[in-house]
Amino acid sequence: QPKDSSETVYGGGMANNHQPQPSEDGATIYAQKKIISKGMLMCNGKRYPLHNGRNVVGRKAPSAEADVQIDSIDRHISRQHAIIKMSRVADGSLRALISCTKDRLTTIVGGQSLTVGDEVVLTSGITLILGETSLVYLEE
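Under this note's numbering, the first residue of the sequence shown is numbered 146, with each subsequent residue one higher.
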């Protein structure tokens with residue numbers, strides 16, 4: 146992998162949905178493919194990193210077993226509220242899927258309420274609401 150956060154896409158520009166873009170002088174410029182190294186949740190200015198694989202997200206508590214424990218006094222967040230699955234797809238990009246653990250818990254992603262069995266792909270900058278707490282999913 147390149148040391149910086151992007152790599153040049155060579156070829157006809159059609160691979161991986163990259164379209165060549167003409168510059169002002171008529172030369173063809175190929176899109177840069179951003180390599181995402183990690184995903185995280187942000188809540189009240191605090192970062193909560195997500196690891197590759199299954200991340201159980203919940204409220205921080207002495208008895209909590211969640212991988213990502215949100216430091217909040219919101220009792221509407223369960224200690225095991227949602228699951229975020231982080232994985233790499235064939236083109237090397239990062240993919241994050243969120244699902245809720247119980248129907249009675251409020252889990253809203255980009256304005257869409259989730260029920261058990263739903264899986265939603267997260268995109269960088271999307272707002273999540275767990276209980277009454279707002280979080281933002283980010284990729285770096």
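Where a beta carbon is used, it is the ideal one built from N, C-alpha and C, also for glycine. From a predicted model like this one, the values you see are computed outputs, not experimental measurements.
query: Going straight from the alpha carbon of residue 208 to that of residue 225, what length do you get?
result: Reading the sequence shown from its first residue, position 63 is the one you call residue 208. Reading the sequence shown from its first residue, position 80 is the one you call residue 225. Whole-angstrom Cα-Cα distance: 11 Å.
message: Under DSSP, the beta strand (DSSP E) around residue 207 begins and ends at which residues?
response: Locating residue 207 in the sequence shown gives position 62, counting from the first residue. Taken as a continuous stretch (DSSP letters only), residue 207 belongs to no beta strand (DSSP E), as it is neither H nor E.
Coil, strand or helix - residue 261 by DSSP: As a position in the sequence shown, residue 261 is number 116, starting the count at 1. DSSP places residue 261 outside both helix and strand once states are collapsed to three, so it counts as coil.
- request: Give me the Cα-Cα distance between residue 156 and residue 275, rounded to the nearest whole angstrom.
  value: What you label residue 156 is simply residue 11 of the sequence shown in a count that begins at 1. What you label residue 275 is simply residue 130 of the sequence shown in a count that begins at 1. In this prediction, residue 156 has a pLDDT of 36, which is less than 50 and means its spatial position is unreliable; nothing more can be read from the coordinates.
message: Please return the same chain residues whose Cβ sits closer than 7 Å to the Cβ of residue 227, not counting the five positions on each side in sequence.
response: For the purposes of this step, residue 227 is identified with residue 82 of the sequence shown, where counting begins at 1. Closer than 7 Å at the Cβ level, and outside the excluded window around residue 227, lie 202, 243, 244, 245, 246, 252, 275.
- prompt: Which partner residues of residue 284 appear in the DSSP bridge assignment?
  reply: Stepping through the sequence shown from its first residue, residue 284 is reached at position 139. Among the bridge pairs identified by DSSP, residue 284 is matched with 184.
query: Would residue 220 be called buried (16 or more neighbouring beta carbons within 10 Å of its own) or exposed?
result: The count along the sequence shown starts at 1 and reaches residue 220 at position 75. Residue 220 should be labelled exposed.
message: If I measure Cβ to Cβ from residue 264 and keep anything under 6 Å in the same chain, skipping five residues before and after, which residues do I get?
response: Walking along the sequence shown from the start, residue 264 turns up at place 119. When the five nearest sequence neighbours on each side are left out, the beta carbons in the same chain lying within less than 6 Å of the beta carbon of residue 264 are those of 242, 244, in order along the chain.
message: Suppose the cutoff is 7 Å on Cβ atoms and the five residues either side in sequence are ignored; what does the same chain contact list for residue 199 look like?
response: Locating residue 199 in the sequence shown gives position 54, where the first residue counts as 1. Here the set comprises 228, 230.
- request: Return the chain-ordered list of same chain residues with a C-beta closer than 7 Å to the C-beta of residue 257, the five sequence neighbours on each side being excluded.
  value: Counting from one through the sequence shown, the residue named residue 257 turns up at place 112. Close CB contacts of residue 257 within its chain, under the 7 Å cut and outside five residues either way in sequence, are with 265 (chain order).
query: So residue 273 and residue 283 are in contact, right, with Cβ under 8 Å, and what is the actual spacing, rounded?
result: To locate residue 273, count along the sequence shown from 1; it is residue 128. To locate residue 283, count along the sequence shown from 1; it is residue 138. So it is not a contact: roughly 11 Å between Cβ atoms.
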